[in-house]
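Residue numbers (my numbering): 839 to 1111. C-beta: ideal position from N, C-alpha, C; glycine also. Beneath this line is the structure, given in C-alpha cells, with notes to follow.
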Amino acid sequence: MPAPTEIDTSFLQLTSIGQPTVLHKGSRGPLVIELQRRLMSAGFDPGPADGFFGSQTEDAVQAFQKARGLEVDGLVDSGIWHELGVQFRPAERQAPEGAGFSVEQLQTVLPNCSEMRATEVLPYLNKVMAEADIMTPQRQAAFLVQLAIPSGQLNLFEEPDSGEQYEGREDLGNVQPGDGPRYKGRGLIPLIGRANYRAAGKALGIDLENNPERAADLDVGFRVAGWFWTSRDLNTVADEGDFEEINRRLTGRDRVLPKHVAFYRHALAMLTH
C-alpha cells in the first residue's frame, strides 16, 4: 500500500501537503478516499470509499463533471477539487517566463528524478530549452512531459530491449543486417531506425549514423530532443495547449493515454500556479 502522502501512479506523487495533484483511473491512496467521500456527499456514487480509483469512481467523476458543465474526461485536477470544496495552496515554486529550471523546480514536476540526477541533467535541459525558445510555462510543461514519459523522468536514455523488434524495418531505414539493435531507441525523445539517426545527425552536425551510441549521451540526447521539437514546430502547438497534437507529431499515434494527459496537466499546474 502506498505511503500516506503518495499517489500510486507511474509519474506523480505529492511533493508537499496542500499541493494539487491529478487523479485518474488506476490511482490509489488517501486522496482517492477523500475524492470518493466528497462525491458521495455531492450525491454521486463512486462505490466504496476504498482508496482505489476504479471504473465506478471514474463513472461518478464523469457524471459530476457533466452535471457541473465541465469537460467530461474522468480526470480529477485542481479544478475538480475546487468544485468539490477542496482548496489547495499554490505551488511554492514556479518557472518564470524567460528562465530555466532550478533543481527544486525540476523535482516539483518530476518527483522521481533524484536531486543528484536533476543536478546532472539540468545544464543540458536549460541549454536546449533556451536554444529552442522553450521559455514559457506552457512550452516547458509540454516539452518536459514528452521527455519524461519515455525516459522514466530523465533516468533512462536507452531502451532496455535489444532492438531486435526493429530488424528489417525498411520504413525506419533499417536495410542492413543488425540495423535493428544498432539503431534501437536512444535519447529522451527516442531516435529509432537508421534513417532517423541519419536525419538527426545531419541536422546537428554529428555522425550519429556511424556512432549511434552518442544519442544516449546527455549532451546529444538533449540536442536530439530539441531537434525533434523544433523540426515539428511544437512551440506553436504548445502555445495552443494541444498536448494530443504534440504527441501525434512526435509518435504518429492518435491516442494519448489518460495518465499522460494528467501528467501534462500536473506539470502545467506546477509551473503556472
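Asked: Nearest residue (CA-CA) to Val966, options Leu985, Gly1011, Glu1002, Glu896; Found: Leu985
Asked: Cα-Cα separation between Ala841 and Tyr1035, rounded to whole angstroms; Found: Caution applies to Ala841, whose pLDDT of 32 falls short of 50 and renders its modelled position unreliable; the value that the coordinates give is listed next. Ala841 and Tyr1035: Cα-Cα distance of roughly 42 angstroms.
Asked: Residues bridged to Glu996 [DSSP beta-bridge criterion]; Found: Arg1024
Asked: Option nearest Tyr900 by Cα separation, candidates Gln874, Leu1095, Ala887, Asn1085; Found: Before going further, note that residue 900 is Gln rather than Tyr in the sequence given. The option with the nearest alpha carbon to Gln900 is Gln874.
Asked: Touching by the beta-carbon criterion (3+ pairs, under 8 angstroms), the region 1064-1079 and the region 1003-1021; Found: no
Asked: Delimiting residues of the alpha helix (DSSP H) encompassing Asp1071; Found: Per DSSP, Asp1071 belongs to no alpha helix (DSSP H) and is neither H nor E.
Asked: Nonlocal neighbours in the same chain, by C-beta distance under 7 angstroms from Asp1092, ignoring five residues either side; Found: Arg1086
Asked: Span of the alpha helix (DSSP H) around Arg1087; Found: 1081-1089
Asked: Segment contact, 8 angstroms Cβ cut-off, at least three pairs: the region 1061-1074 with the region 946-957; Found: no
Asked: Residue closest to Glu1103, alpha-carbon to alpha-carbon, out of Gln943, Pro1050, Val983; Found: Looking at the sequence itself, residue 1103 is Arg, so the reference to Glu does not match. Of the listed residues, the one whose Cα sits closest to Arg1103 is Val983.
Asked: Whole-Å CB distance - Ala1054 paired with Glu996, under 8 angstroms assumed; Found: 4 angstroms
Asked: Beta-carbon spacing of Gly864, Phe902 below 8 angstroms; Found: no
Asked: The region 1094-1103 / the region 908-915 touching (three or more Cβ pairs under 8 angstroms); Found: yes
Asked: Under the three-state DSSP convention, the category Leu869 falls into; Found: helix
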